[in-house]
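> Residue numbers (the working numbering), protein chains in the order written: chain A, 2 to 252; chain B, 2 to 162.
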Amino acid sequence: MNESHQTALSTWLLAMADDQLILAHRNSEWIGHGPILEEDIALANIAQDELGHARLLYELYAALTGDDPDKLVFFRETAVYRSTQFVEYPKGDWAFTMLRQYLFDAAEMVLLTQLVDSTYQPLAQAAAKMRNEELYHYRHSSAWLKRLGLGTAESNQRTQTALDTLWPLAQQLFVPLPAAEFLTTDGVIPPATVWQEAWEQVVRPFLHNCDLAIPTAAAPPTADRAIHSPYLAPLLAEMQEVARFDPEATW
Amino acid sequence: MVKMAHIWQALNEVADPEIPVVSLVEMGIVRDVRLDEQANAVTVVITPTFSGCPALHVMRQDIETRLHTLGFSHVTVETTLHPPWSSDWISEEARVKLKTFGLAPPPRHGGRLEVTFFAPTACPYCNSTDTRVKNEFGPTLCRAIYYCHACQQPFEQFKAL
Ligand SMILES: [Zn+2]
Numbered sequence: 002m003n004e005s006h007q008t009a010l011s012t013w014l015l016a017m018a019d020d021q022l023i024l025a026h027r028n029s030e031w032i033g034h035g036p037i038l039e040e041d042i043a044l045a046n047i048a049q050d051e052l053g054h055a056r057l058l059y060e061l062y063a064a065l066t067g068d069d070p071d072k073l074v075f076f077r078e079t080a081v082y083r084s085t086q087f088v089e090y091p092k093g094d095w096a097f098t099m100l101r102q103y104l105f106d107a108a109e110m111v112l113l114t115q116l117v118d119s120t121y122q123p124l125a126q127a128a129a130k131m132r133n134e135e136l137y138h139y140r141h142s143s144a145w146l147k148r149l150g151l152g153t154a155e156s157n158q159r160t161q162t163a164l165d166t167l168w169p170l171a172q173q174l175f176v177p178l179p180a181a182e183f184l185t186t187d188g189v190i191p192p193a194t195v196w197q198e199a200w201e202q203v204v205r206p207f208l209h210n211c212d213l214a215i216p217t218a219a220a221p222p223t224a225d226r227a228i229h230s231p232y233l234a235p236l237l238a239e240m241q242e243v244a245r246f247d248p249e250a251t252w
Numbered sequence: 002m003v004k005m006a007h008i009w010q011a012l013n014e015v016a017d018p019e020i021p022v023v024s025l026v027e028m029g030i031v032r033d034v035r036l037d038e039q040a041n042a043v044t045v046v047i048t049p050t051f052s053g054c055p056a057l058h059v060m061r062q063d064i065e066t067r068l069h070t071l072g073f074s075h076v077t078v079e080t081t082l083h084p085p086w087s088s089d090w091i092s093e094e095a096r097v098k099l100k101t102f103g104l105a106p107p108p109r110h111g112g113r114l115e116v117t118f119f120a121p122t123a124c125p126y127c128n129s130t131d132t133r134v135k136n137e138f139g140p141t142l143c144r145a146i147y148y149c150h151a152c153q154q155p156f157e158q159f160k161a162l
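1) Need the endpoints of the alpha helix (DSSP H) that THR79/A sits in, please.
2) Is the beta carbon of VAL23/B sitting closer than 8 Å to the one on ILE47/B?
3) Which same chain residues, not among the five before or five after ARG61/B, have their C-beta less than 7 Å away from its C-beta?
4) Quick check: VAL34/B and LEU25/B, are their CB atoms within less than 8 Å of each other?
5) Determine whether the beta carbon atoms of ALA163/A and PHE97/A lie at a separation below 8 Å.
6) What do you get for PHE7/A, buried or exposed, if any count of 16 or more other CB atoms within 10 angstroms of its CB means buried?
7) Please determine, among LEU61/A, TRP95/A, THR166/A, ALA220/A, the residue with the shortest C-alpha to C-alpha distance to GLN173/A.
8) Round the Cβ separation of PRO106/A and SER142/A to the nearest angstrom and send it over; I've been treating them as touching at under 8 Å.
9) I'd like to know if the segment 40 to 54 of chain B and the segment 44 to 58 of chain A are in contact, where contact means that at least 3 CB-CB pairs between them fall below 8 Å.
10) With hydrogens ignored, establish whether the beta-carbon of TYR147/B is closer than 7 Å to any heavy atom of ligand 1.
11) Assign THR130/B to one of three DSSP states: helix, strand, or coil.
12) Between PHE73/B, GLU19/B, LEU71/B, LYS160/B, which lies nearest to PHE118/B when the distance is taken from Cα to Cα?
13) I want to see whether chain B comes within less than 8 Å of MET131/A, judged by CB atoms only; does it?
14) Our contact map puts LYS100/B next to PRO108/B with C-beta atoms below 8 Å; I'd like the distance itself, whole angstroms only.
15) Around the Cβ of THR85/A, are there at least 16 other Cβ atoms within 10 angstroms (buried) or fewer (exposed)?
16) For ALA108/A and TRP200/A, which I take to be in contact (beta-carbon distance under 8 Å), what is that distance rounded to the nearest angstrom?
17) Could you tell me whether the Cβ atoms of LYS135/B and TYR148/B are closer together than 8 Å?
18) In terms of DSSP beta bridges, what is HIS75/B paired with?
19) Tell me the DSSP secondary structure of ASP89/B in three-state form.
20) Report the residue from LEU149/A, GLU134/A, LEU233/A whose alpha carbon sits nearest the alpha carbon of GLU115/B.
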């Protein structure tokens, strides 16, 4: 792999890993606050799985750049994170959390299915590993979306409100990253449009069957992953607090 | 000179940190062993069950500690993701031990994980299949929570993967 391809791939891997990490952290905020004990446990598990996926992706990134995954997570400033605003937004109510998880799980599932055939072997292998775990997540969040969408007038209305906010934000997931054409030409990753189309084929009919209306306006607030929502900095401040308090600590 | 068979035997004594009744070999976590007799070195290849499994570094340490007692000067533990770990690899003996431990073994799926979502799960205490999943997520990444209507006890299942 030549240098420009390597840079394009590390840029892409960092973005994917950051999304997993930030969403895992958001979901972990429900621990001790879940509506019922079972859901408390389920979200803690899903957060831990996503954290495991983030770690696999940071390790692939580190193999290309020589960085240390822990340092990337705990000592990187807000400005150099590459997460989407979609995962940064506060956890909101249960409908917001479950809808975001559903939209993300669907995106992850179709992406991993495509990445299993990546020409970059380490990525193809990591994708095959993550995909089966993702099946459990998708089952869980899609079951909740049915309950919420088809449940009561209030649950439907709350989920619809969440969808109106999250649908445009979700579009940022599919904005092609700098120099991604190097990767798509070589079959390392699928083109963003192919990923997005596969995602829409899954989520559009599903949301419709949950009695939810997909907003027509769908432009993400920004196409640039360097521009963050005001919510990322406080999240990182909390997540990084302990590690930064004593950078040399070991356990 | 330590023979390959001795190494596997020693590895078969290294317990799964979360389920101490079964070994890392029985769980299908140990994938390969490479011996370099001249350098008195051994390399063990392991694969994680669930990718967020926090027990991986404990497994690595336990393997190193156990193999050092065989007299190797160098013990290396490598991890691989390929092929991805499958719960189908859990041996018959280990399945019996899981049950004794109170964990229902995972149904076999032959690579089609989806089929396990509808498989009946027998209670590890009374063998009844009059059971219901209460939560597909449990106290660790690899466990789901069930309830048995026959003996009216909750139990856990080692999840299929
Ligand atoms: Zn029973």
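Glycine included, each C-beta is placed from N, C-alpha and C at the ideal position.
From the atom records:
1) On the first sequence, residue 79/A is found 78 positions in, with the first residue counted as 1. Careful: THR79/A lies outside any alpha helix (DSSP H) and carries neither H nor E.
2) Position 22 of the second sequence, counting from 1, holds the residue named residue 23/B. Position 46 of the second sequence, counting from 1, holds the residue named residue 47/B. No, the pair does not count as a contact, with Cβ atoms beyond the cut-off.
3) If you number the second sequence from 1, residue 61/B lands on position 60. Result list for ARG61/B: VAL78, in chain order.
4) Taking the second sequence and counting its residues from 1, the one referred to as residue 34/B is at position 33. Taking the second sequence and counting its residues from 1, the one referred to as residue 25/B is at position 24. No, the pair does not count as a contact, with Cβ atoms beyond the cut-off.
5) As a first step, residue 163/A must be located in the first sequence, where it is residue number 162. As a first step, residue 97/A must be located in the first sequence, where it is residue number 96. The answer is yes: Cβ separation under 8 Å.
6) By 1-based counting over the first sequence, the position of residue 7/A is 6. Just to set this straight, residue 7/A is Gln in the shown sequence, not Phe. Exposed, because fewer than 16 other Cβ atoms sit within 10 Å of the Cβ of GLN7/A.
7) Residue 173/A sits at position 172 when you count from the first residue of the first sequence. Closest by alpha carbon: ALA220/A.
8) Residue mapping note: residue 106/A aligns to position 105 of the first sequence, counting from 1. Residue mapping note: residue 142/A aligns to position 141 of the first sequence, counting from 1. The identity of residue 106/A in the sequence shown is Asp, whereas the question assumes Pro. Rounded, the Cβ-Cβ distance is 5 Å, consistent with contact.
9) yes
10) Taking the second sequence and counting its residues from 1, one reaches residue 147/B at position 146. Checking every heavy atom of ligand 1 against the Cβ of TYR147/B, none is found closer than 7 Å.
11) Walking along the second sequence from the start, residue 130/B turns up at place 129. Reduced to three states, the DSSP call for THR130/B is coil.
12) Numbered from its first residue, the second sequence carries residue 118/B at position 117. Comparing alpha-carbon positions, the option among PHE73/B, GLU19/B, LEU71/B, LYS160/B lying closest to PHE118/B turns out to be LYS160/B.
13) Residue numbering aside, residue 131/A sits at position 130 when the first sequence is read from its first letter. Yes, MET131/A lies at the interface with chain B (some Cβ there is under 8 Å from its Cβ).
14) Walking along the second sequence from the start, residue 100/B turns up at place 99. Walking along the second sequence from the start, residue 108/B turns up at place 107. That pair is no contact at about 13 Å.
15) Position 84 of the first sequence, counting from 1, holds the residue named residue 85/A. By the neighbour-count rule (16 or more Cβ atoms within 10 Å), THR85/A is buried.
16) If you number the first sequence from 1, residue 108/A lands on position 107. If you number the first sequence from 1, residue 200/A lands on position 199. Confirmed, Cβ separation roughly 5 Å.
17) On the second sequence, position 134 is the one that residue 135/B refers to. On the second sequence, position 147 is the one that residue 148/B refers to. Contact: yes.
18) Walking along the second sequence from the start, residue 75/B turns up at place 74. Bridge partners of HIS75/B: ALA42/B.
19) Position 88 of the second sequence, counting from 1, holds the residue named residue 89/B. In the structure shown, ASP89/B sits in a helix (DSSP, three-state: H, G or I).
20) The count along the second sequence starts at 1 and reaches residue 115/B at position 114. Of LEU149/A, GLU134/A, LEU233/A, the residue nearest in Cα terms is GLU134/A.
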